[in-house]
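Shown next, in structure tokens, is the structure this report addresses.
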Amino acid sequence: MKTQILFMLLFITSFPVFAQEASSDRWTMQNDGSIQWKTCTNLPHNDHLEMSGQMISVVLHYGVNSQQQFNLQRTLIFPMLRHQPNKTHNHLKHDIYTDIPSMVTMGEQNIILHSGNTKSINFNGIMRIESDYTYTLRRKDYKDAIHLTSIFYPSATEPYYIEEYKFKNNSPNTITLRIPDWRLSYTSPEEIGIDGAYRMEATLSKSGSYELNPGDTLDFYALFSAEKMSDIKKKGALTPTDIDVAAEYGKRKALIDEWWGNFILDTPDKVLNRMFAFAKLRGVESIYRTKGGLMHGPGGASYYAAVWANDQAEYINPFFPFLGYEVGNESALNCYRHFARFMNPEYKPIPSSIISEGAGIWHGAKDRGDGAMIAYGAARYALALGKKEVARELWPLIEWCLEYCRRQLTPDGVVASDSDELENRFPAGEANLNTSSLYYDALRSAVYLGHELNIPQKQIQDYTKRAEAMEKAIESYFGYEMHGFHTYRYYKGNTVLRSWICTPLSMGIYTRAQGTVDALFSRLWTKDGLLTQEGEKTFWDRSTLYALRGTLAAGELEKGMRFLKEYSQRRLLGEHVPYPIEAWPEGDQRHLSAEGGMYCRIYSEGLLGIRPTGFRNFEMTPRIPKYWNYMNLNKIHAFQSDFDIRISRIDKNQLNVKVMNGKKTIIDKNIKEGQTIKVKL
500 MKTQILFMLL FITSFPVFAQ EASSDRWTMQ NDGSIQWKTC TNLPHNDHLE MSGQMISVVL
560 HYGVNSQQQF NLQRTLIFPM LRHQPNKTHN HLKHDIYTDI PSMVTMGEQN IILHSGNTKS
620 INFNGIMRIE SDYTYTLRRK DYKDAIHLTS IFYPSATEPY YIEEYKFKNN SPNTITLRIP
680 DWRLSYTSPE EIGIDGAYRM EATLSKSGSY ELNPGDTLDF YALFSAEKMS DIKKKGALTP
740 TDIDVAAEYG KRKALIDEWW GNFILDTPDK VLNRMFAFAK LRGVESIYRT KGGLMHGPGG
800 ASYYAAVWAN DQAEYINPFF PFLGYEVGNE SALNCYRHFA RFMNPEYKPI PSSIISEGAG
860 IWHGAKDRGD GAMIAYGAAR YALALGKKEV ARELWPLIEW CLEYCRRQLT PDGVVASDSD
920 ELENRFPAGE ANLNTSSLYY DALRSAVYLG HELNIPQKQI QDYTKRAEAM EKAIESYFGY
980 EMHGFHTYRY YKGNTVLRSW ICTPLSMGIY TRAQGTVDAL FSRLWTKDGL LTQEGEKTFW
1040 DRSTLYALRG TLAAGELEKG MRFLKEYSQR RLLGEHVPYP IEAWPEGDQR HLSAEGGMYC
1100 RIYSEGLLGI RPTGFRNFEM TPRIPKYWNY MNLNKIHAFQ SDFDIRISRI DKNQLNVKVM
1160 NGKKTIIDKN IKEGQTIKVK L
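In the numbering used here, each residue carries its 1-based index in the sequence shown increased by 499.
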């Protein structure tokens, strides 16, 4: 009884600390899984977000002005329509500003001029806008007489984007709406395109006059597409009559439902649950069907049909097995296959990026620690996927990258590289903490993978010794007292705090956990996450996401949860929603995709402390906040299984852990919080 009372008091007194930001939110969560902005106050406001399909991406720059009118600019990106020279950013991209509802007239008048106002905007991977318009008839105003529903989404598999418009007559009068015969066409010069000329077109599915009785609805849609001129000559140009718009909407909705219906976070905190769902969506939608196979791309109107050693190999690929999305798993394997093409007997650096559908490379920042990134991600992916044949295929790449890193060891025993993942935006010295930490973790995973593949014991023992030596070298070379914090310097000669001092925590090195956490959240934290460097204004979400994951994995729940809650609330419901972002000021906080997977890994690898140790095995060190009575991760698809993890609080220091494989209970035991348990599926 005393234990129960203590627990309830702890829950009641702790919870309000994390709910205090809600009053400043612009958006609210809806029961259907969407978020909604009621657009009647705090205007004007503008924002941008990205949506992607396998052949197209669209960045919507949208907003509502002080007269409550909706505005929109579309940036359409066609990643596989490549331009000369065939480099990273050279794909067909086009901005379209046309306000389509304003072209629809009632009688001889333009309805947008009759006090059109936006009521709400909803988003759940599909954008939906509700607006009302007033018209004047015989000197009488009919307020909110015409209701407009606008729905925006990309095709799931084809190179086009759709905007649906539905006008409903809510007035007592019969009205006539006129849709113009509108078409926008742009053909690129033939000499610019890798495959010749490309045509981008936008057109409406209907034109003409339509009489609407009271209660009637008029539906039409705008189709935005692009094709190779050579294909148009063969089969004719795509027109709205060639597509089934209801089927396209259904495909997009079905994919979102699939992503949201697997690898589900279930906690008492609704904001974290919803942010997790949206992070999954953005993390997995940005996969493109290229000449070089499926390739996950960061996006942001810049980075497509290409893979990077950090964004894909390190950040997002180890996440895919947990979701069980086969397109994602295939794109991850394809990513590593592309990098494997560049293994060489001289151990020259592997490229940082494979670009242009696999046709080229980018290596502009030279060696960024890419070998460590690839080995780390590939080993964790292979273990979590649980397929021996895939692991055997990836083993030579992992082996090569580990050997490459060994050859880069300095006399101090740390890994030298020309730069780091920030590509010389900030100094990284001749050897940085991030690269050495990734190499350390890759060695640990290689030991587990080696056992599964029956690699000779001598080699496995060598990896074990190298991991132990690297942990010691990280402590002796990077361990430092910075401004009174028992933490790390990012490189030799570094005198200011850097956000990437968090990396050892995410790799299971907790020697300086307390000092590092204190440094991160006292000198570097802002309302938008961690500053990249003390004294600067720049922030990148990727180091923030790593820091939150590492802080929770290290058992620093009080600070970790406080800042995770603040961060999630701001990204999901604040002024720029609903995903993790890349950076600021660079890129204007683009919604790059891999950060979505990084966010989800905060829970699986941070709070639950999951580490793959075999094809059907993992270690888990679960911790949950004292004010939570449960945490579940349901429908996990890793390790060739479909299972749930359910954590419930017994008292202040004890948890019950269940692992369920369908109806079969794999584990059901009480543990001390922070205790590591081994799970065999």
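Cβ atoms here follow ideal geometry from the backbone N, Cα and C, with glycine treated the same way.
Being a predicted model, the structure only gives us computed values, none of them experimental.
- Between the stretch 719 to 734 and the stretch 700 to 710, the count of Cβ pairs shorter than 8 Å is three or higher; the stretches touch.
- Comparing C-alpha distances from Ala800 to each of Arg1089, Gly1105 and Tyr1126 shows the shortest one belongs to Arg1089.
- Cα atoms of Arg1122 and Leu1106: separation of roughly 5 Å, rounded to the nearest angstrom.
- Around the CB of Arg581, 16 or more other CB atoms lie within 10 Å, so the residue is classed as buried.
- Rounded to whole angstroms, Val603 and Leu676 show a C-alpha spacing of 7 Å.
- Runs of alpha helix (DSSP H) with 4 or more residues, each lying fully within the stretch 1005 to 1092, are found at 1012 to 1018, 1040 to 1052 and 1056 to 1072, listed in chain order.
- Separation of Ile897 and Lys886 (C-alpha to C-alpha, rounded to the nearest whole angstrom) is 16 Å.
- Per DSSP, the beta-bridge partners of Met1130 are Ile1146.
- Between Asn816 and Tyr880, the gap from beta carbon to beta carbon is short of 7 Å.
- The continuous stretches of alpha helix (DSSP H) do not include Arg788, which lies in the beta strand (DSSP E) extending over residues Ile786 to Thr789.
- With contacts defined by Cβ atoms closer than 7 Å, Arg997 and Gln1032 form a contacting pair.
- Comparing alpha carbon positions, the residue from His588, Pro926 and Ala776 closest to Tyr803 is His588.
- For Val744, the closest of Glu662, Met626 and Ile599 by C-alpha to C-alpha distance is Glu662.
- Here Ala725 carries a strand assignment [DSSP, helix/strand/coil].
- Under the three-state reduction of DSSP, Met842 is assigned to coil, being neither helix nor strand.
- Excluding its 5 nearest sequence neighbours in each direction, Leu1180 has C-beta neighbours in its own chain below 7 Å: Arg1115, Phe1138, Ser1140, Phe1142, Asn1160 and Ile1165, listed in chain order.
- The Cβ atoms of Tyr632 and Ile620 do not sit closer than 7 Å to each other.
- Under the three-state reduction of DSSP output, Tyr976 falls in the helix class.
- If you draw a 10 Å sphere on the C-beta of Lys1168, you find fewer than 16 other C-beta atoms in it, and that means exposed.
- Taking 4 residues as the shortest admissible run, the stretch 721 to 779 contains the following complete alpha helix (DSSP H) segments, listed from N- to C-terminal end: 728 to 734 and 744 to 759.
- Beta-bridge partners of Gly798 (DSSP): Tyr802.
- Around the beta carbon of Trp758, 16 or more other beta carbons sit within 10 angstroms, so the residue counts as buried.
- Comparing alpha carbon positions, the residue from Pro848, Asn828 and Asn570 closest to Ala808 is Pro848.
- Taking all protein chains shown into account, Arg638 has fewer than 16 neighbouring C-beta atoms within 10 Å of its C-beta and is therefore exposed.
- DSSP, reduced to helix, strand and coil, places Gln567 outside both helices and strands of the structure shown, so it counts as coil.
- In this structure, Ala927 lies near Tyr990, with their beta-carbon atoms less than 7 Å apart.
- Within the stretch 916 to 1004, the runs of beta strand (DSSP E) at least 3 residues long that lie entirely inside it are, in chain order, 978 to 981 and 984 to 987.
- Separation of Val563 and Thr617 (C-alpha to C-alpha, rounded to the nearest whole angstrom) is 7 Å.
- Contact check for Ala883 and Phe821: beta-carbon distance about 7 Å, within the 8 Å limit, so the pair qualifies.
- For Tyr659, the enclosing beta strand (DSSP E) covers residues Tyr659 to Asn668.
- In this structure, Ile873 lies near Ala812, with their beta-carbon atoms less than 7 Å apart.
- Judged by DSSP secondary structure, Glu700 falls within the beta strand (DSSP E) whose first and last residues are Tyr697 to Leu703.
- The shortest C-alpha to C-alpha distance from His795 to any of His590, Asn772, Phe819 and Ala1053 is the one to Phe819.
- Arg1048 is positioned such that its CB atom lies closer than 7 Å to that of Ser1005.
- At a cut-off of 4 residues, the continuous stretches assigned as alpha helix (DSSP H) that sit fully inside the stretch 826 to 902 are 869 to 884.
- If the five residues before and after Val1178 are omitted, its C-beta is found closer than 7 Å to the C-beta atoms of Asn1116, Phe1117, Met1119, Val1158, Ile1165 and Ile1166, all from its own chain and listed in chain order.
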